[in-house]
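>
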Amino acid sequence: MDSELFGLLLFGIGIGVIFIIILPLAFYLKGKKLRTVEDILESGNHYYSLNIFMALHGLLHYGSVFLFDWYAKRYNLLSDRNKVPAQASILFKVYFVIFMLCVLLMFLSTLFFE
């Protein structure tokens, strides 16, 4: 019983952080920062800033681009990512890391259910 309660607590923390931190940060980044990054990295093509669903995918994509060299090289963005303002790239990295930690918490919570 206690392990199931702990699992529910982990899942609740993961969902809570998504709704309290991740979604407001996504709306903030979609406002201006995403368009700025798309102007620099995608030559002005605004694929990810069309709607919030595409923006959520784009935030994870650009977070990966800023965090991992091999990922940026795969999409030919390694040289262009240095042109993005440091504050914007840090916010995308923070978004990516917090999102992955929330997903990890939610999946770890399944280990405590019987």
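No gaps in the numbering here: position 13 of the sequence shown is -4 in our numbering, and each next residue is one more. Yeah, the Cβ is synthetic: ideal placement off N, Cα and C, and Gly gets one too.
1. At which residue ranges does the region 34 to 68 contain complete alpha helix (DSSP H) runs of 4 or more residues, listed in the order of the chain?
2. So, with DSSP's three-state summary, where would you put Gly27?
3. Determine the direct distance from the alpha carbon of Leu50 to that of Leu(-7), and round the result to whole angstroms.
4. Could you tell me if Gly27 is buried or exposed, where buried requires 16 or more neighbouring beta carbons within 10 angstroms of its beta carbon?
5. At which residues does the alpha helix (DSSP H) containing Leu8 begin and terminate?
6. Would you call the CB atoms of Gly(-3) and Met89 closer than 7 Å?
7. With a threshold of 8 Å on Cβ separation, who are the neighbours of Tyr30 within its own chain once the five nearest residues in sequence on each side are excluded?
8. Could you check if Val80 is buried or exposed, using at least 16 other CB atoms within 10 Å of its CB as the buried criterion?
9. For Gly(-5) versus Phe95, is the C-beta spacing smaller than 7 Å?
10. In the DSSP assignment, find the unbroken alpha helix (DSSP H) run with Leu(-7) in it and report its ends.
Checking against the coordinates, here is how it stands:
1. 35 to 50, 52 to 57
2. coil
3. 26 Å
4. exposed
5. 6 to 11
6. yes
7. Glu21, Met37, Gly41
8. exposed
9. no
10. -15 to 0
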